[in-house]
Amino acid sequence: MSQFVKAVLFDLDGTLIDTAADFVRIIGKMSGENDWQAPPEAEIRDQVSAGASSMVRLMLRHNGQLEVSEEALLEFRQQFLDDYEADICVDSCVFSELEEVLHTLEDKGVPWGIVTNKPRYLAELLLEKMQLDERCSVLVCPDDVSRPKPDPEPMYVALEKLAIPRGAAESVLYIGDHIRDIEAGNAAGMTTILAAYGYIPPEDQKNLKKWGADYITDTPKELSKLLLVSGKFDYL
Numbered sequence: 000m001s002q003f004v005k006a007v008l009f010d011l012d013g014t015l016i017d018t019a020a021d022f023v024r025i026i027g028k029m030s031g032e033n034d035w036q037a038p039p040e041a042e043i044r045d046q047v048s049a050g051a052s053s054m055v056r057l058m059l060r061h062n063g064q065l066e067v068s069e070e071a072l073l074e075f076r077q078q079f080l081d082d083y084e085a086d087i088c089v090d091s092c093v094f095s096e097l098e099e100v101l102h103t104l105e106d107k108g109v110p111w112g113i114v115t116n117k118p119r120y121l122a123e124l125l126l127e128k129m130q131l132d133e134r135c136s137v138l139v140c141p142d143d144v145s146r147p148k149p150d151p152e153p154m155y156v157a158l159e160k161l162a163i164p165r166g167a168a169e170s171v172l173y174i175g176d177h178i179r180d181i182e183a184g185n186a187a188g189m190t191t192i193l194a195a196y197g198y199i200p201p202e203d204q205k206n207l208k209k210w211g212a213d214y215i216t217d218t219p220k221e222l223s224k225l226l227l228v229s230g231k232f233d234y235l
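Sequential numbering from 0 applies to the sequence shown in numbering that gives the first Met the number 0.
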């Protein structure tokens with residue numbers, strides 16, 4: 000018997016949108032400005048879900064900058080964020096097959112939204128540049144809560160904005176590529192799907208089943224099939 004779904008929520012970076020290429024570009028730019036060698040693209044991608052500070056630290060470690068002060072680290076991080084804001088969507092794109100998912104949900108009248116740890120000013124700008132802002136039914140960012148993921152508070156805020164009672168949280172799908180996504184979704188009582196194609200470091204790949212997601216999908220195509228043709232979910 001299929002499960003009735005009232006809404007579908009996504010994490011942003013590494014789940015719905017492939018933003019890594021723009022982060023790789025910015026780290027390359029910053030490395031060049033300091034006469035450093037940029038870290039390998041794969042290593043940068045692995046750090047995307049961990050945030051700007053992790054990508055900056057990777058760049059510094061890769062170039063032997065192991066004794067950088069906290070003040071200098073914050074300056075590098077701010078430069079990273081400023082460069083990203085100035086040119087946020089050069090190479091970013093919705094993961095293949097997921098555009099079809101969004102259109103299908105919209106055609107069925109099922110709201111979809113985003114719960115992310117990306118700062119609101121960057122999330123809103125990215126969605127606007129990608130012309131997703133008016134299609135997205137709800138956007139919850141760390142700015143909107145006192146406790147971001149893995150705490151379930153952002154998930155509860157999303158439910159409230161969608162006018163879905165907490166008691167019906169199981170009818171909401173939450174899809175993410177980080178353990179904090181699965182923990183937050185599970186804590187809120189949502190049905191969780193791990194996007195294992197996202198930005199997951201190699202050392203974490205072997206532990207994915209332990210994260211406790213209800214479903215694991217290895218590619219965007221597999222996620223699309225699970226959502227649209229598996230028969231596991233009913234959106235009508």
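Where a beta carbon is used, it is the ideal one built from N, C-alpha and C, also for glycine.
From residue i to residue j, what distance separates their C-alpha atoms?
i: residue 210; j: residue 234; result: 26 Å
i: residue 27; j: residue 68; result: 21 Å
i: residue 3; j: residue 76; result: 43 Å
i: residue 237; j: residue 203; result: The displayed coordinates of the chain run from 0 to 235. Any statement about residue 237 would go beyond what the structure contains.
i: residue 85; j: residue 22; result: 12 Å
i: residue 226; j: residue 102; result: 12 Å
i: residue 140; j: residue 51; result: 15 Å
i: residue 14; j: residue 193; result: 9 Å
i: residue 105; j: residue 197; result: 24 Å
i: residue 220; j: residue 214; result: 14 Å
i: residue 181; j: residue 122; result: 20 Å
i: residue 164; j: residue 216; result: 27 Å
i: residue 167; j: residue 53; result: 36 Å
i: residue 35; j: residue 62; result: 6 Å
i: residue 188; j: residue 205; result: 25 Å
i: residue 87; j: residue 98; result: 20 Å
i: residue 157; j: residue 131; result: 17 Å
Label residue i either buried or exposed according to how many other C-beta atoms from any shown protein chain fall within 10 Å of its C-beta, with 16 as the threshold for buried.
i: residue 48; result: buried
i: residue 185; result: buried
i: residue 60; result: exposed
i: residue 70; result: exposed
i: residue 100; result: buried
i: residue 126; result: buried
i: residue 46; result: buried
i: residue 230; result: exposed
i: residue 120; result: exposed
i: residue 12; result: buried
i: residue 56; result: buried
i: residue 38; result: buried
i: residue 0; result: exposed
i: residue 153; result: buried
i: residue 17; result: buried
DSSP puts residue i in a beta bridge; with which residues?
i: residue 214; result: 192
i: residue 233; result: 3
i: residue 27; result: In DSSP, residue 27 forms no bridge with anything.
i: residue 92; result: 17
i: residue 113; result: 9 and 138
Does the Cβ of residue i lie closer than 8 Å to at least one heavy atom of the ligand ZN?
i: residue 69; result: With respect to the ligand ZN, the structure shown offers nothing to examine, as it has no ligands at all.
Within the stretch 146-199, ranges of the alpha helix (DSSP H) (whole runs, at least 4 residues): 152-160 and 178-186
How do the stretch 2-22 and the stretch 166-180 stand: do at least 3 beta-carbon pairs fall below 8 Å, yes or no? yes
Assess, as a yes-or-no matter, whether the stretch 102-113 is touched by the stretch 130-139 under the definition of 3 or more beta carbon pairs within less than 8 Å. yes
On the three-pair Cβ rule with 8 Å, is the stretch 115-122 touching the stretch 138-158? yes
In the stretch 30-56, which residue ranges form an unbroken alpha helix (DSSP H) of at least 4 residues, counting only runs that do not cross its ends? 40-46
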